[in-house]
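Student: Next up is a structure, given as C-alpha cells.
Protein chains in written order, with my numbering: chain B, 765 to 1212; chain H, 765 to 1212.
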C-alpha cells in the first residue's frame, strides 16, 4: 500500500479541468475544408438539459450522382432500434441514394422494444418527407439506454432545423454537429483532410466525426462515427473500403473492452467531385481505401485520447507474426488487460504483465507465438534517444533495464509498446489508454 | 464529474486496514480437522523480507496406498518452469505415487528459461532424496516473474524443514502452510471439511489451501490451490473429478480477467481412509465429485473475497440456457466487464451494462440468447424481503424500479445478479468482485 500514490492518483477537479482544456486545444481543429455538396445543422431540442446541442442532421445536396452509403454496425446481440432501422434502410436501398443522416444524443433508444422501432422509423420518415424522398435517411442515437425517446421534442427540433437558415457548410456548423453528438466526451471529435487522386490529380475531401468518450458501452451507449466524402464510390466498393478501414481503426481501439448496443460507423460518398465512379476494379480503389483507413485511424485515435479518466495514449504494435489475425488478437489482449493498463497509469515498466497478456491471447495459429523468439520494447514518441528500450529479447527478460530511461518514457503522455513475434511478416496495431482512479470515479457514478 | 465521490471513493489507510482485519476474522477458521496421513511444514527461507514464511512442504506419510495425484495447469502460453516440471512428473508417473508438494512464494520462477527449469528440478530432487523416492514431488511457485530463484536460500530452507520437528498435522501447521504461499493476499485461504460416504458411512476429509489475492496474474504471478484428501481415488478418476470441479470453481472466478503463467490447482488422494478405491465406475464417484466441486467453490470464492481492493462479492447466476457453455460464457462476460464492476462499486443498479455484457458474449449456439425472453434481477443475500428486484422482464426494462430497494441491495457486501435466459435448462455460476479506486492504486504501484 502506498498512501502517497493514493493521494497523488486522485486529481483535484481544477487539475482535471485543465487536462480537458488541453485536450480541446490539442485535438479540435480551428478551421477546415469540408467535402462539397453537404450541409449540416444541429439544434438543442431539450432532450439534454441546459440547452445543449443534442440533434444533428447531415444532408447531401448534390443531385448529379446517386449518393452511396455503407455502415458497420455493432455485433452486440442487443441491437438498438436505430441500428436495426438503419440496417434495413441500407439493405432496402442496396446502399444507394442515401441523402441524410440524423443523429440524436441524450437517449440511445436501446432496449426499447416495439415503440423504439416505431420512434426510430418516425425520425427517418420525418426527414424523408422534408427532403421529399423515401427511404433515404439513416438514424443514429446515443445516450442513456432503456429510456423511450422524447419524440415530441425531437420532432419539433427537426421541424425547426428545416425552418430557419440552419443548414450550412461552414466550419462552425460542422463543429457544432460534432458537439451535438457528444455524451461524456470532453471534446468534439472532428477531422477533415483533402487528398489528391493519383490517377487524375483531382482533389477530394474526407470529413469525419465521432463520439465515444471512452467507455464504448452503455449506460452511456456508444461509439458513433461517420465519414463523408465528395468522391463518387460505387456502394459495394464503399462497403469494402469501410469494412477494411474499420477493422484497422475503430475495431483496434480499447478503452475498457466493452462493446455497446449502438456502435455504428457510417460513410457517405456523394460524388460531388466529378471523376469516374470508383469501383473495386478501379485504379483508384486501393489508394482511396488506404487513405480512408489512415483517416479512420486518426478519428478512432481521438476516441482513445478522450478515454474516460485516461492520462496516457499508448500505441501497441505487434509485428512479424505468422498470421495477421494473431498479431491483432495479441495487440487486443495487451490493450484490454486491466493489469497492463494500471501499470501504464502507475508508470511501471512491467514487462511481466505484457507477456502474461500475450500468453493468454487465443491464437488462430499456435505457431504465431514462439516464446523463445519474442521481443518486447517500449518506444518513445518524442525525439529523445535511445528511442527503444528493450524489455524482453528473444524470450529472455533484459537484465539491468535502465530504470531511469524507463521512467522517462513512461512519464510521456504518448508512448508505444512494440512486440516483435519473429515468426512471420504480418503486423497489427492497437491503440489503448491507461486505467486510472478517475475511470473508476466516472463509471462508478454515471447514472446519478 | 462528482467531486464528492472522488473524495469518498478513496478510503483512508486506517479504514482499509479495518476491512482487511474483518476479512481475516470472517474467513480464516480458528480450528479444523485435517485428512489423515499428511504432515506439513513451512519456513522463512529469506527469499521474502522480514522473516516471512515463504516455503511450504506437504508430505504424505501413508504408505498403505500409492497416493494419487492430479493437476490442472494454466493455459497461458508462457508456462513457468514449475508448471512444466510438475506436468512432466505427473505424466511420467501417470499420476501415481506422488508423496510431496513443495511451494515457494516471493519468486514465481517464470520466464527464467533453462536455468529456471534446472532450479525447479533441483527443488523436487532435493525433496525426493529427503523422502527417499524418485519422481514423487510436485513443485509450485508464486511471486515476481523474470527473476531467478535464490536456490541457496530455498535449499537451506528445505534442509532445515527436514532437520528439526517441523513436520506436523496440527491446525497451526496447516494455517502456517496457507500463510507461507501468500503474496498480495490479505488473509490465508484455508478450508477443511469432513464428509461421510453414502455407500459405507465412512468419514473422509478434504483440506484446501489457495492463494490469489485478486489479480490472478503477474507481476505477482498466480492463482495456486491444492486440495488434499484421505480417500483412495484412482488417478484417472481423480483427474476427472478435479477437472470437473475446477471448471465450476477456479475457472468461474473473475477479479480482473487476467490469467497468469503459474496458475495451478493440484489434488492428492492418499488412501489413508480404508475403503475400496474409488474409480469412475464406483458408486461413490458422483458423490465425491460433487463434494469436491462444492468444496473447490468455497476455496475459489475466498480468492474473490480477497480480490484486490474489492468491496463487494457478487455471485452471477445465469439460468435456463439452451447450452451450458453459453450460460458460462455469459456469466463470465458479466463478471469480467469493467463497466459492470465499476457500477457495482458505485452501487448503481445499472442493468444496461449487464445487458450490454450479455450481448457481446461469444456464444456457441445463438439460440441460447433470445433478447425477448431475458430476465435480469438483483437478489439479496440477507433475509430482507422482497429478495428479488426485477430489472428486466422478458427483454423489457422495468419501469419504476424501486430505487430505494435497489440501494439497499447494492449497499450489501454480498449480492447476486440473476440472469434467466428462458431458452433451456442449463445453469452456470460465476463469482466476481467490484472494481475500486484501491484496485488501481494497488496495481498501479506494485513493483515499487
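Note that the Cβ used here is the ideal one computed from N, Cα and C, for glycine as well. Source: prediction; values computed, not measured.
Using CA coordinates, which residue listed in B:893, B:1093, B:880 is at the minimum distance from residue 1191 of chain B?
Tutor: Mapped onto the first chain, residue 1191 of chain B falls at position 427. Out of B:893, B:1093, B:880, B:1093 has the C-alpha closest to the C-alpha of residue 1191 of chain B.
Student: Applying the criterion that 16 or more other CB atoms from any shown protein chain within 10 Å of the CB defines a buried residue, is residue 1175 of chain B buried or exposed?
Tutor: In the first chain, residue 1175 of chain B corresponds to position 411, counting from 1. Exposed, because fewer than 16 other Cβ atoms sit within 10 Å of the Cβ of residue 1175 of chain B.
Student: Do the region 897–911 of chain H and the region 937–944 of chain H touch if we need at least three Cβ pairs shorter than 8 Å?
Tutor: Touching, no.
Student: Please list, in chain order, the chain H residues whose beta carbon lies closer than 7 Å to that of residue 1135 of chain B.
Tutor: If you number the first chain from 1, residue 1135 of chain B lands on position 371. 841, 842, listed in chain order.
Student: Under DSSP, the alpha helix (DSSP H) around residue 1120 of chain B begins and ends at which residues?
Tutor: Walking along the first chain from the start, residue 1120 of chain B turns up at place 356. Taken as a continuous stretch (DSSP letters only), the alpha helix (DSSP H) holding residue 1120 of chain B covers 1115–1123.
Student: Keeping to the same chain, check which residues put their C-beta closer than 7 Å to that of residue 954 of chain H; ignore five residues upstream and five downstream.
Tutor: To locate residue 954 of chain H, count along the second chain from 1; it is residue 190. Same-chain partners within the cutoff: 792, 793, 938, 939, 942, 973.
Student: Report yes or no: do three or more beta-carbon pairs, one from the region 855–868 of chain B and one from the region 800–819 of chain B, lie closer than 8 Å?
Tutor: These segments touch.
Student: Residue 1152 of chain B bridges to which residues according to DSSP?
Tutor: For the purposes of this step, residue 1152 of chain B is taken as residue 388 along the first chain, with counting starting at 1. Residue 1152 of chain B is bridged to B:1143.
Student: Do you know offhand how far residue 1123 of chain B's Cα is from residue 962 of chain B's?
Tutor: Your numbering for residue 1123 of chain B matches position 359 in the first chain. Your numbering for residue 962 of chain B matches position 198 in the first chain. Spanning the two alpha carbons is a distance of roughly 43 Å.
Student: If we count the other Cβ atoms within 10 Å of its Cβ and call it buried at 16 or more, is residue 1168 of chain B buried or exposed?
Tutor: The count along the first chain starts at 1 and reaches residue 1168 of chain B at position 404. Flag for residue 1168 of chain B reads exposed.
Student: Under 8 Å: do the region 1133–1141 of chain H and the region 1153–1167 of chain H share three or more Cβ pairs, one atom per stretch?
Tutor: The region 1133–1141 of chain H, when compared against the region 1153–1167 of chain H, does touch it at the 8 Å Cβ threshold.
Student: If you reduce the DSSP assignment to three classes, tell me which class residue 857 of chain B lands in.
Tutor: Taking the first residue of the first chain as position 1, residue 857 of chain B is located at position 93. In the structure shown, residue 857 of chain B sits in a helix (DSSP, three-state: H, G or I).
Student: Report all residues from its chain with a CB closer than 6 Å to the CB of residue 846 of chain B; omit the five preceding and five following residues, and keep chain order.
Tutor: Start at 1 with the first residue of the first chain, and residue 846 of chain B comes out as number 82. Cβ within range, chain order: 873, 884, 903, 904, 905.
Student: So what does residue 1194 of chain B bridge to, in DSSP terms?
Tutor: Counting from 1 along the first chain, the entry for residue 1194 of chain B is found at position 430. The partner list for residue 1194 of chain B (beta bridge, DSSP) reads B:1080.
Student: At a CB-CB cut-off below 7 Å, which residues of chain B make contact with residue 1119 of chain H?
Tutor: To locate residue 1119 of chain H, count along the second chain from 1; it is residue 355. Simply 842, 875.
Student: Pull the bridge partners of residue 836 of chain H from the DSSP assignment, please.
Tutor: Counted from its first residue, the second chain places residue 836 of chain H at position 72. Looking at the DSSP assignment, residue 836 of chain H forms a beta bridge with H:1029.
Student: So what's residue 1183 of chain B in DSSP terms, helix, strand or just coil?
Tutor: Numbered from 1 along the first chain, position 419 holds the residue referred to as residue 1183 of chain B. Reduced to three states, the DSSP call for residue 1183 of chain B is strand.
Student: Quick check on residue 1161 of chain H: buried or exposed, where buried means 16 or more other Cβ atoms within 10 Å of its Cβ?
Tutor: Indexing the second chain from 1 puts residue 1161 of chain H at position 397. Looking at its Cβ environment, which holds 16 or more other Cβ atoms inside 10 Å, residue 1161 of chain H is buried.
Student: For residue 1060 of chain H, which residues from the same chain have a beta carbon less than 6 Å from its beta carbon, with the 5 sequence-adjacent residues on both sides left out?
Tutor: Counting from one through the second chain, the residue named residue 1060 of chain H turns up at place 296. 1009, 1013.
Student: With a threshold of 16 other CB atoms inside 10 Å of the CB of residue 900 of chain H, please say whether the residue is buried or exposed.
Tutor: On the second chain, position 136 is the one that residue 900 of chain H refers to. When all chains shown are included, residue 900 of chain H counts as buried.
Student: Could you name the residues of chain H that residue 1161 of chain B contacts, counting a contact when the two beta carbons are closer than 7 Å?
Tutor: As a first step, residue 1161 of chain B must be located in the first chain, where it is residue number 397. Those within 7 Å of residue 1161 of chain B in chain H are 875, 910.
Student: Helix, strand or coil: which one does DSSP assign to residue 1040 of chain B?
Tutor: Residue numbering aside, residue 1040 of chain B sits at position 276 when the first chain is read from its first letter. Note: residue 1040 of chain B maps to coil in three-state DSSP.
Student: How about residue 1083 of chain H and residue 1185 of chain H: do their beta carbons lie closer than 8 Å?
Tutor: As a first step, residue 1083 of chain H must be located in the second chain, where it is residue number 319. As a first step, residue 1185 of chain H must be located in the second chain, where it is residue number 421. Contact: yes.
Student: Am I right that residue 988 of chain H and residue 975 of chain H are in contact with their C-beta atoms under 8 Å? What's the rounded C-beta distance?
Tutor: Numbered from 1 along the second chain, position 224 holds the residue referred to as residue 988 of chain H. Numbered from 1 along the second chain, position 211 holds the residue referred to as residue 975 of chain H. Between residue 975 of chain H and residue 988 of chain H the Cβ distance is about 5 Å, and since that is below 8 Å, they are a contact.
Student: Could you list which residues in chain A have their beta carbon closer than 7 Å to that of residue 1199 of chain B, in chain order?
Tutor: In the structure shown, chain A does not exist; the protein chains are B and H.
Student: Please identify the residue among B:1098, B:1203, B:1015 whose C-alpha is closest to the C-alpha of residue 1063 of chain B.
Tutor: Numbered from its first residue, the first chain carries residue 1063 of chain B at position 299. The shortest Cα separation from residue 1063 of chain B among B:1098, B:1203, B:1015 belongs to B:1015.
Student: Residue 1080 of chain B and residue 1193 of chain B: beta carbons closer than 8 Å?
Tutor: On the first chain, position 316 is the one that residue 1080 of chain B refers to. On the first chain, position 429 is the one that residue 1193 of chain B refers to. Closer than 8 Å, so yes.
Student: Find the residues of chain B that neighbour residue 1010 of chain H, judging by a C-beta separation of less than 9 Å, and give them in chain order.
Tutor: Counting from one through the second chain, the residue named residue 1010 of chain H turns up at place 246. By Cβ distance, chain B contributes nothing, its closest Cβ being about 16 Å from residue 1010 of chain H, past 9 Å.
Student: According to a CB-to-CB cut-off of less than 7 Å, which residues of the region 786–812 of chain B neighbour chain H?
Tutor: Under the 7 Å Cβ criterion, the region 786–812 of chain B contributes no residue.
Student: Measure from the C-beta of residue 935 of chain B to each C-beta in chain H and report whether the shortest distance is under 8 Å.
Tutor: As a working note, residue 935 of chain B is residue 171 in the first chain. False, the Cβ-Cβ gap to chain H never drops below 8 Å.
Student: According to the Cβ coordinates, are residue 858 of chain B and residue 1035 of chain B closer than 8 Å?
Tutor: Within the first chain, the letter at position 94 stands for residue 858 of chain B. Within the first chain, the letter at position 271 stands for residue 1035 of chain B. Against a cut-off of 8 Å, the Cβ pair of residue 1035 of chain B and residue 858 of chain B comes out as no contact.
Student: Taking buried to mean at least 16 other C-beta atoms within 10 Å of its own C-beta, is residue 786 of chain H buried or exposed?
Tutor: In the second chain, the residue the question calls residue 786 of chain H occupies position 22. Classification of residue 786 of chain H: exposed, given that the 10 Å Cβ count is below 16.
Student: Taking contact to mean 3 or more Cβ pairs, one atom from each stretch, closer than 8 Å, check whether the region 821–828 of chain H and the region 793–808 of chain H are in contact.
Tutor: Result yes; three or more Cβ-Cβ pairs closer than 8 Å.
Student: So residue 885 of chain B contacts chain H; which residues on that side make the cut at Cβ distance below 9 Å?
Tutor: Your numbering for residue 885 of chain B matches position 121 in the first chain. Correct list: empty, because the minimum Cβ distance to chain H is about 19 Å.
Student: Between which two residues does the alpha helix (DSSP H) harbouring residue 954 of chain B extend?
Tutor: Looking up residue 954 of chain B in the first chain gives position 190. Looking at the DSSP string, residue 954 of chain B is not in any alpha helix (DSSP H); the run it does join, the beta strand (DSSP E), is 953–960.
Student: Between residue 1123 of chain B and chain H, is any beta-carbon pair separated by less than 8 Å?
Tutor: Counted from its first residue, the first chain places residue 1123 of chain B at position 359. True, the Cβ-Cβ gap to chain H drops below 8 Å.
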